[in-house]
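Using this note's numbering, you'd call the opening residue of the sequence shown number 179 and step up by one each time.
Below: the structure, in structure tokens.
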Amino acid sequence: MKKIIISLVAIVAMYATPSMAQLNFGVKGGLNVSNMSIDHSTLDKSNRAGFFIGPTAKFKLPLIGLGFDAAALYDQRDAKVGSENITQKSINVPINLRYTLGLGDLAGVYFAAGPQFGFNVGNKLFGGSDSTFDNLSLKKSNFSVNLGAGVRLIKHIEIGVLYNIACGKTGELNALDAATNLLKSSDIKTNAWQISAAYYF
């Protein structure tokens with residue numbers, strides 16, 4: 179994956195000239211709705227809305243509409259597992275390849291896809307004696323993939339919708355099975371829909 183990202187950056191840099199290239203910095207924020215899947219039929223769970231915010235940058239070759247964006251986002255995702263409120267706090271770094279169809283600086287439509295690297299900066303362990311499960315542990319880091327699209331308005335504003343797909347588990351849950359009265363371990367996987375708004379200076 180690292181070699182692919184380096185190769186993409188090298189290709190863009192090779193074809194870009196100072197007169198062609200467009201590099202913009204901005205701020206991105208929005209809402210996410212997480213889908214926390216747990217392979218444990220006896221434990222109730224519900225998902226809630228969270229938010230994300232942070233600096234972003236995009237690079238585009240205007241003649242062909244190809245480019246990429248990157249960001250460093252503080253991301254908070256909430257869920258309720260049994261009687262416990264779970265809050266996952268992360269710094270997420272998405273790097274998306276983009277293709278834009280536009281009408282100059284007035285408006286445009288873009289499609290984006292790429293990897294996202296997440297780093298847990300909040301609590302990593304939940305549960306215990308007062309909870310309906312023994313413990314829930316979140317991984318220190320995780321890897322996911324983004325697929326999305328959006329619109330660009332009056333050059334500076336972008337509004338997008340994105341689906342973030344977890345690759346591998348984001349945590350592990352140990353809970354007592356009511357049927358067997360045995361402690362069982364279940365993998366946790368968290369996907370999320372995200373609605374974002376970005377302002378580029």
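Cβ coordinates follow ideal geometry from the N, Cα and C atoms, glycine included.
Values in this document were obtained by computation on a predicted structure and should not be read as measured data.
Nearest-angstrom Cα distance between residue i and residue j?
i: leucine 325; j: alanine 248; result: 14 angstroms
i: asparagine 352; j: serine 363; result: 4 angstroms
i: tryptophan 371; j: valine 339; result: 7 angstroms
i: phenylalanine 321; j: isoleucine 332; result: 33 angstroms
i: arginine 255; j: alanine 290; result: 22 angstroms
i: proline 293; j: asparagine 270; result: 10 angstroms
i: lysine 302; j: lysine 318; result: 7 angstroms
i: arginine 226; j: glutamine 200; result: 37 angstroms
i: alanine 285; j: glutamate 262; result: 45 angstroms
i: tyrosine 277; j: alanine 235; result: 15 angstroms
i: asparagine 274; j: serine 315; result: 29 angstroms
i: glycine 243; j: glutamine 266; result: 35 angstroms
i: glycine 388; j: tyrosine 378; result: Because the chain in this structure spans residues 179 to 379, residue 388 falls outside the shown range and cannot be described.
i: valine 211; j: valine 259; result: 15 angstroms
i: proline 272; j: alanine 327; result: 14 angstroms
i: lysine 206; j: glycine 245; result: 17 angstroms
i: glycine 305; j: asparagine 369; result: 22 angstroms
i: cysteine 345; j: histidine 334; result: 32 angstroms
i: leucine 209; j: aspartate 253; result: 9 angstroms
i: asparagine 313; j: lysine 347; result: 16 angstroms
Can you tell me which residues form a DSSP beta bridge with residue i?
i: glycine 280; result: Gly286
i: lysine 367; result: Ser215
i: glycine 243; result: In the DSSP output, where bridge partners are listed per residue, glycine 243 has none listed.
i: glycine 296; result: Asn270 and Asn320
i: isoleucine 332; result: Answer is none; isoleucine 332 lacks a bridge partner.
Put residue i into one of helix, strand or coil per three-state DSSP.
i: tyrosine 377; result: strand
i: glycine 390; result: In the structure displayed, the chain extends from 179 to 379; residue 390 sits before or after that span and is not available.
i: arginine 255; result: strand
i: asparagine 301; result: coil
i: serine 268; result: strand
i: alanine 357; result: For alanine 357, the predicted structure reports a pLDDT of 48, less than 50, and the residue's modelled location is therefore unreliable. A value from the coordinates is still provided. Coil at alanine 357, not helix or strand.
i: leucine 316; result: strand
i: threonine 234; result: strand
i: arginine 226; result: coil
i: serine 322; result: strand
i: isoleucine 337; result: strand
i: glycine 349; result: strand
i: alanine 250; result: coil
My assumption, with CB atoms under 8 angstroms, is that residue i sits in contact with residue j. Please give the rounded CB distance.
i: methionine 214; j: isoleucine 366; result: 6 angstroms
i: leucine 251; j: isoleucine 264; result: That pair is no contact at about 19 angstroms.
i: serine 268; j: valine 299; result: 6 angstroms
i: alanine 376; j: glutamate 336; result: 4 angstroms
Does the distance between the C-beta of residue i and the nearest non-hydrogen atom of the ligand SAM fall short of 6 angstroms?
i: alanine 227; result: Absence of the ligand SAM from the depicted structure is noted, as is the absence of any ligand whatsoever, leaving it without description.
I'd like to know whether the C-beta of residue i is nearer than 7 angstroms to at least one C-beta of chain D.
i: glycine 305; result: Checking the listed chains, one finds no chain D in this structure; it contains a single protein chain.
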